[in-house]
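Taking it in order: structure first as structure tokens, then the write-up.
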Amino acid sequence: MRVGVKFCGGCNPRYDRSGELDKILDHFAKDSDDFAKDHSETGKALFGFAKDGGVYDVMLVICGCNNQCASTDEYTFDKKISVGETGNIPSVVRLITQYRDEEAQ
Amino acid sequence: MALMTGAEYIESLRKLNTQVYMFGQKIENWVDHPIIRPSINCVAITYDLAHDAEHADLMTATSNLTGNKINRFSHLHQSTDDLRKKVKMQRLLGQKTASCFQRCVGMDAFNSVFSTTYECDKAHGTNYHENFKKYLTYVQDNDLVVDGAMTDPKGDRGLAQGAQADPDLFVHIVEKREDGIVVRGAKAHQTGSINSHEHLIMPTQAVSEDDKQYAVAFAVPSDAEGLFMVYGRQSCDTRKLEKDADVDLGNKKFGGQEALVVFDDVFVPNDRVFMCEEYDFAGMLVERFAGYHRQSYGGCKVGVGDVVIGAAALAADYNGAQKASHIKDKLIEMTHLNETLYCCGIACSAEGYPTEAGNYQIDLLLANVCKQNVTRFPYEIVRLAEDIAGGLMVTMPSQADFRSELKVPTKSDMSLGEWTTKFFKGVAGVSTENRMRILRFLENICLGASAVGYRTESMHGAGSPQAQRIMIARQGNIAAKKELAKVIAGIVD
Ligand SMILES: Cc1cc2nc3c(=O)[nH]c(=O)nc-3n(C[C@H](O)[C@H](O)[C@H](O)COP(=O)(O)OP(=O)(O)OC[C@H]3O[C@@H](n4cnc5c(N)ncnc54)[C@H](O)[C@@H]3O)c2cc1C
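One line per chain: the protein sequences are A and B, in this order. Everything in the first sequence is counted per the numbering used here, starting at 1 for the first residue and increasing by one. Everything in the second sequence is counted per the numbering used here, starting at 1 for the first residue and increasing by one.
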């Protein structure tokens, strides 16, 4: 499963956005510890920064506040998980795990 | 062409033959000049952040002219969302530089010239809008910096353009040729003009029919024949020339820049002319540019304010005063004032509307309220910052004293550096140098070189306070408010 990561622009983030991404990546370190993985592998959540025109199974959008203004118009994806203010990590991990496991079945 | 990096931008400046004067001399290598370079670094970061995944969403946009990814600074706003993202981008850049990053004037000029030329063409059958679209496509494709130049020297403020003793005190057309026009005059206080690849010129105020030669808008490369610039000096600027200048600068890497730009009979080809004597559209162009630019200040100065608040909080930490209730309260007040400015920037964007040409314009009343607050709140923010910082901000010895190994011939046999370091120590665990660094930063922003950008530019940039009050009076609709009061009070005329 290919996960495209997108940050909002970060004008006034209420938490450390890249720190939160690191925490999410830590949970999936067993799938791959290479952040720049740019392909899909069934049963594994492979993360990388979303590229314009990219196609993703899941878009993970990490925004600095609950306005969540980051645009995702330039990507194609099946599912989108958008993170606003911090505190969502367990649910993000749960969702990505669920999507990955569903895909593997 | 792909988006440039900061390093590529700096190299691109070297290819220009821009004529720069400072301190009575011609400056040949202005790109590496220690007084000018911090302002170039400031523009360079607008390029670098466009490549940074953590900020690209604000720093880039998709061009409605070409469909290509471009730097947001050359974008025509396509929605209220774009207007809001502009303010957010400006806040971000204020935070990263604590200075004026200079590219906003160009962006505000693009959007106002785009919509005004459309309406002017409709009224006069001219071809300025197509000219401008072609020009902007060139700017976007080459990722250029453009100085949006509006303010003329203006001479006697009580006289109109044509009544001045010297006709050149406002930029005007001196010759109309088959292939273009020749212009003369100057633009004062031009932000980032030396660091710009191009200049986009607009009239400074409404123009009457008698003075129609002053109704002129056009674009020229910064190294056009007949064009030169004189660098505006800033408070404490020669500190940048001192050997090993570092702590005493307060902000070593970044700074702002303003210059006088002189046009001594500069030729402008027809396809770069966007207004030529259509005096009835000069006022519209000025009003639209001023509106966008008053919105801009609700972003950029807020970002700088974020850094000032952070610096004041650090100064308190380093002094050991951080737990005092009045210090906490002052930091709350500073945050409140700063976020109020941001509210205004966001509000006038959210209430934006499409122009006839299709790009989005801000709400004029709210943008003027925004800028009016900007003429006041940064002054209160720096007042509180100076309060928290303490007097040391303006009385401490220089970096050279702190680093001096010169022995002072007294009983203790200590060096000057050891004495000064000893007596300016604050709390345990924080070096004297770090304490000095934060105080020098505050000195720089409150009354040094950066005060140009944070204080006086907040006052006069995008128009002096009275200019906003005139617009607020025009848009405030007091008559309707009187009617509201009459109804509630039961007054029947
Ligand atoms: C740091 C900085 C950066 C700037 N950057 C740019 C830029 O990039 N591009 C650009 O085009 N401009 C720029 N400006 C110019 C800015 O828009 C002007 O400073 C502003 O419009 C005021 O004009 P002025 O400085 O000539 O002041 P003045 O016109 O001299 O005004 C001084 C005072 O006189 C009053 N006054 C002036 N004329 C009249 C009148 N007719 N009737 C009554 N009162 C009057 C004003 O309200 C004010 O209180 C910048 C200014 C600063 C300070």
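Positions of the beta carbon are idealized from the N, C-alpha and C atoms, including for glycine.
| How is B:L365 classed by DSSP in three states: helix, strand or coil? | helix
* To do: Note down, in chain order, every chain B residue with its Cβ under 8 Å from the Cβ of A:D52.
  => K69
Margin query: Against A:S18, what residues of chain B qualify as contacts under a CB-to-CB distance less than 7 Å, listed in chain order?
Written below: E54
- When the Cα of B:F441 is compared with those of B:A245, B:A357, B:M393, B:V139, which residue comes out closest? B:M393
* Which ranges does the beta strand (DSSP E) cover as unbroken runs of at least 3 residues, wholly within the segment 237-277 of chain B, from first to last along the chain? -> 258-269, 273-276
Q. Per DSSP, B:S415 is paired with what?
A. B:K407
- Message: Is any non-hydrogen atom of ligand 1 found closer than 6 Å to the C-beta of B:R157, if you look at the structure I gave you?
- Response: yes
Quiz item: Is B:Q95 helix, strand or coil when you go by DSSP?
Solution: helix
Is B:E287 helix, strand or coil when you go by DSSP? helix
*Should A:G9 be flagged as near chain D, meaning a C-beta pair shorter than 7 Å?*
The structure shown contains no chain D; its protein chains are A and B.
Taking C-alpha atoms, which residue in B:Q164, B:F424, B:V146, B:D147 lies nearest to B:K154? B:Q164
Apart from the five residues on each side of it in sequence, which residues of its chain come closer than 8 Å, Cβ to Cβ, to A:G10? R17, G64
- prompt: What number of angstroms, rounded off, separates the C-alpha of B:H75 from the C-alpha of B:N111?
  reply: 8 Å
Item to complete: Go ahead and pull the three-state DSSP assignment for B:P153.
Response: coil
Inset, instruction - Locate the beta strand (DSSP E) running through B:G180, then write down its first and last residues. - result: 180-191
Practice item. Kindly say whether B:D57, judged by its beta-carbon, lies nearer than 7 Å to any beta-carbon of chain A. Key: yes
- Assuming B:N338 contacts B:I381 under a Cβ cut-off of 8 Å, what Cβ separation, rounded to an integer in Å, is found between them? 6 Å
query: Measuring CA to CA, which of B:V374, B:G461, B:K212, B:K122 is closest to B:C344?
result: B:V374
**Report entry** Residues that A:S71 contacts on chain B, provided the C-beta gap is smaller than 7 Å
**Finding:** D57
B:T46 - DSSP class collapsed to helix/strand/coil:
helix
- Thinking A:D52 and A:E74 are a contact (beta carbons under 8 Å), I'd like their distance in whole angstroms, please. 5 Å
Name the chain B residues whose beta carbon is nearer than 7 Å to that of A:F49?
A53
* Counting contacts by CB-CB distance shorter than 7 Å, is B:L341 in contact with chain A? -> no
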